[in-house]
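Just so it is clear: in the sequence shown, position 77 is 334 by my numbering, and no numbers are missing.
The beta-carbon is built from N, C-alpha and C at its ideal position, and this holds for glycine as well.
In this text, all values refer to a predicted model and were calculated from it rather than measured experimentally.
Each remark here refers to the structure printed beneath this line.
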Amino acid sequence: MYKPKPTERRVEDPNLRIGIVHTRWNSKVIQPLLKGTTDKLAALGVKPENIVIETVPGSYELPYAVSRMYAASQIQASTSTAGASASVDLLSGGSTTPPPAATTATKPFDAIVAIGCLIKGETMHFEYICDSVSHALMRLQIDLGVPVIFGVLACLTEEQAMARAGLVEGKMHNHGEDWGEAAVEMGANA
Ligand code: DLZ
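This is how it looks when you write it as structure tokens:
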């Protein structure tokens, strides 16, 4: 069974900032995928206070959320002073919330991970969303100049999704781990 070789690349920048946005659709597989991602980020040395997690209803909303999160993180960084950052609501883009004590968001996200899971149904819905979301996320990373990690599973069955979320013993692995690793590697080079 193929599993990508771990790079063991730990973060060199102690302030590497990673945004994650995940869907609430298919939460049975999304929750383990999210955990796989955050566990790998932590294992590679990303500080918990430098990981920001947002949610959206479904995969179709992921590109918009990535765009807003990145823009808000830029505003947050430009208005923050070390040790006393203003905290901008990342998806509303405007409202402010009290900052967590340890947060000093002095720079925008170095990478954003978009996590979703599309499962094919009886209609063409799956094909349209897979196509539009994958193209939009690719375009965003080029246009914004920030790595967008493609954590969107496109599965023909729920069983395929479960295997890729590490929920089927001896079959596949939790792909969230790969996304965490990719975020660190790409974020370090951003
Ligand atoms: C409507 C819908 C369906 C049928 N299936 C999925 C799915 O398998 N995975 C997913 O992430 N989202 C699904 N959605 C929701 C859409 O992505 C989107 O949230 C709605 O169409 C509202 O824009």
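Distance cut-off 7 Å: residue 318 Cβ against heavy atoms of the ligand DLZ:
yes
| task | Just grab the DSSP bridge partners of residue 363 for me. | result | Residue 363 pairs with nothing; no bridge assigned.
Requested in this report: Report yes or no: do the segment 296-305 and the segment 322-339 share at least 3 C-beta pairs separated by less than 8 Å?
Outcome: no
- CB of residue 378 to nearest heavy atom of the ligand DLZ: below 7 Å? yes
Neighbourhood of residue 280 by C-beta, 8 Å cutoff - its chain only, sequence neighbours within 5 removed:
287, 312, 313, 314, 315, 316, 318, 319, 372, 373, 374
Residue 387 Cβ short of 7 Å to the ligand DLZ heavy atom set = no
Notebook entry, point to check: Quick one: is residue 277 buried, meaning 16 or more other Cβ sit within 10 Å of its Cβ, or exposed?
Noted result: buried
**Request:** Select from 425, 303, 445, 272 the residue whose C-alpha is nearest the C-alpha of residue 290.
**Result:** 425
Compute the minimum distance between the beta carbon of residue 382 and the heavy atoms of the ligand DLZ, and state whether it is under 7 Å.
-> yes
Give a yes or no on whether the minimum CB-CB distance between residue 420 and chain C is below 8 Å. Considering every chain present, this structure includes no chain C. It has just one protein chain.
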